[in-house]
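**Student:** Its first residue numbered 19, the sequence shown is counted upward by one per residue in our numbering.
Yeah, the Cβ is synthetic: ideal placement off N, Cα and C, and Gly gets one too.
First the structure, which I've put down as structure tokens, then a few questions once you've had a look.
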Amino acid sequence: MTFVSRGFVGRPGADRDTGKLPPGQYDIGGGFPVLSAGPTPRTALEDWDLTVTGEVAEPVRWTWREFQALPREDVTADIHCVTKWSKFDTTWSGVSLDTLLDAVETAADYVIAVCDGGYTTNLPLEDVVDGGAWIVDLYDDEPLPAEHGGPARLLVPHLYFWKSAKWVRGLRLSSTDEPGFWETLGYHDYGDPWREQRYAGD
């Protein structure tokens with residue numbers, strides 16, 4: 019059985035004209051809706067690891083402790099959900115994908131985020147390098163709650179928020195595009211909020 023949070027149907031809110039609000043979105047203000055399909059995975063930190071696999075010369079793996087020892091960055095970003103809410107100036111901390119991908123050799127063009135619960139999402143590799151994405155484990159200086167993707171999630175703020183996959187455990191590199199969970203269910207393959215790429219064909 020699939021459980022889909024009520025927030026996926028969207029809800030009204032007051033728009034705020036800041037020049038930062040993509041078309042069709044509204045400012046959620048101080049809220050942060052919890053949206054998920056299926057039950058929330060809860061992984062003990064001693065069991066958590068992160069891998070980079072696929073079309074790489076040599077796969078790599080970090081335990082939670084090793085991940086914590088990597089160079090970290092603080093990120094302030096606006097996030098935009100495909101269900102039409104936006105939240106401005108969110109604050110996160112984690113490890114840039116530039117740091118993680120520097121550990122492998124690859125000629126791949128795409129990355130598939132692989133997560134607990136069987137969730138996946140696909141991204142062009144060029145969208146997650148050069149400061150485009152992070153694996154984050156802190157939100158507002160606090161450990162990321164499980165309902166928001168903790169212990170760690172992908173953060174790709176320039177795309178719709180479903181691309182910022184919760185409960186991330188791996189990055190699989192590929193020379194071909196492989197649609198992920200929501201993409202196979204009709205969501206847009208890329209997901210640019212400024213072009214309203216919500217669904218296939220947009």
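#1: Thinking just about the alpha-carbon of each residue, which of Ala183, Asp220, Val74 and Leu203 is nearest to the one in threonine 124?
#2: In angstroms with no decimal places, state the Cα-to-Cα distance between glutamate 165 and threonine 61.
#3: How would you write the range of the alpha helix (DSSP H) that aspartate 234 sits in, first residue to last?
#4: Excluding five sequence neighbours on each side, which residues of the same chain lie with their C-beta closer than 7 Å to the C-beta of histidine 206?
#5: Does the beta-carbon distance from aspartate 134 to arginine 83 come in below 9 Å?
#6: DSSP state of leucine 115, grouped into three classes?
#7: Within the region 101–152, note down every full beta strand (DSSP E) run reaching 3 residues or more, in order along the chain.
#8: Does the beta-carbon of tryptophan 212 have 16 or more other beta-carbons within 10 angstroms, so that it is buried, or is it exposed?
#9: Starting from arginine 187, trace the beta strand (DSSP E) in both directions and tell me its first and last residue.
#10: Between which two residues does the alpha helix (DSSP H) containing threonine 202 stretch?
#11: Taking only three categories from DSSP, how would you classify alanine 55?
#12: With DSSP collapsed to three states, give me the class of arginine 83.
#13: Which of the three DSSP states, helix, strand or coil, is assigned to histidine 98?
#14: To which residues does DSSP link glutamate 91 through a beta bridge?
#15: Between proline 89 and proline 161, what straight-line distance do the alpha-carbon atoms span, to the nearest angstrom?
#16: In this structure, what does DSSP give as the bridge partners for aspartate 45?
#17: If you draw a straight line from the alpha carbon of serine 54 to that of alanine 183, how long is it in whole angstroms?
#18: Does the region 136–151 come into contact with the region 108–121, if we say contact requires no fewer than three beta-carbon pairs (one atom in each stretch) closer than 8 Å?
#19: Spatial neighbours of proline 197 within its chain, please: C-beta separation below 7 Å, excluding the five flanking residues on both sides.
#20: Count the other CB atoms within 10 Å of the CB of glutamate 64; is the residue buried (16 or more) or exposed (fewer)?
#21: Just tell me which of Thr94, Trp200, Asp127 and Tyr128 has its CA closest to the CA of tyrosine 157.
**Tutor:** Taking the coordinates as given:
#1: Within the sequence shown, the letter at position 106 stands for residue 124. Selected option, being the one with the closest Cα: Val74.
#2: For the purposes of this step, residue 165 is taken as residue 147 along the sequence shown, with counting starting at 1. For the purposes of this step, residue 61 is taken as residue 43 along the sequence shown, with counting starting at 1. Roughly 12 Å separates the two Cα atoms.
#3: There is simply no residue 234 to check, as the chain begins at 19 and stops at 220 in what is shown.
#4: As a position in the sequence shown, residue 206 is number 188, starting the count at 1. Taken in chain order, the residues that qualify are Gln215, Arg216, Tyr217, Ala218 and Asp220.
#5: For the purposes of this step, residue 134 is identified with residue 116 of the sequence shown, where counting begins at 1. For the purposes of this step, residue 83 is identified with residue 65 of the sequence shown, where counting begins at 1. No. Outside cutoff.
#6: To locate residue 115, count along the sequence shown from 1; it is residue 97. DSSP places leucine 115 in helix when its eight states are reduced to three.
#7: 103–114, 128–133 and 138–142
#8: The residue you call residue 212 lines up with position 194 of the sequence shown. Tryptophan 212 should be labelled exposed.
#9: Walking along the sequence shown from the start, residue 187 turns up at place 169. Start and end: 186–192.
#10: By one-based count along the sequence shown, residue 202 stands at place 184. Start and end: 199–202.
#11: To locate residue 55, count along the sequence shown from 1; it is residue 37. Alanine 55 falls in the strand class under three-state DSSP.
#12: Counted from its first residue, the sequence shown places residue 83 at position 65. Arginine 83: helix per DSSP, three-state reduction.
#13: Counting from 1 along the sequence shown, the entry for residue 98 is found at position 80. It is a strand residue.
#14: Indexing the sequence shown from 1 puts residue 91 at position 73. Glutamate 91 pairs with Gly112.
#15: For the purposes of this step, residue 89 is identified with residue 71 of the sequence shown, where counting begins at 1. For the purposes of this step, residue 161 is identified with residue 143 of the sequence shown, where counting begins at 1. Cα to Cα, the separation comes out at about 17 Å.
#16: Here residue 45 refers to the residue found at position 27 of the sequence shown. DSSP lists Ser104 as partners of aspartate 45.
#17: Against the sequence shown, residue 54 aligns to sequence position 36. Against the sequence shown, residue 183 aligns to sequence position 165. Going from the Cα of serine 54 to the Cα of alanine 183 covers about 10 Å.
#18: yes
#19: Mapped onto the sequence shown, residue 197 falls at position 179. Taken in chain order, the residues that qualify are Asn140 and Asp207.
#20: Walking along the sequence shown from the start, residue 64 turns up at place 46. Exposed, by the Cβ-count rule.
#21: The residue given as residue 157 occupies position 139 in the sequence shown. Cα-wise, what sits closest to tyrosine 157 is Thr94.
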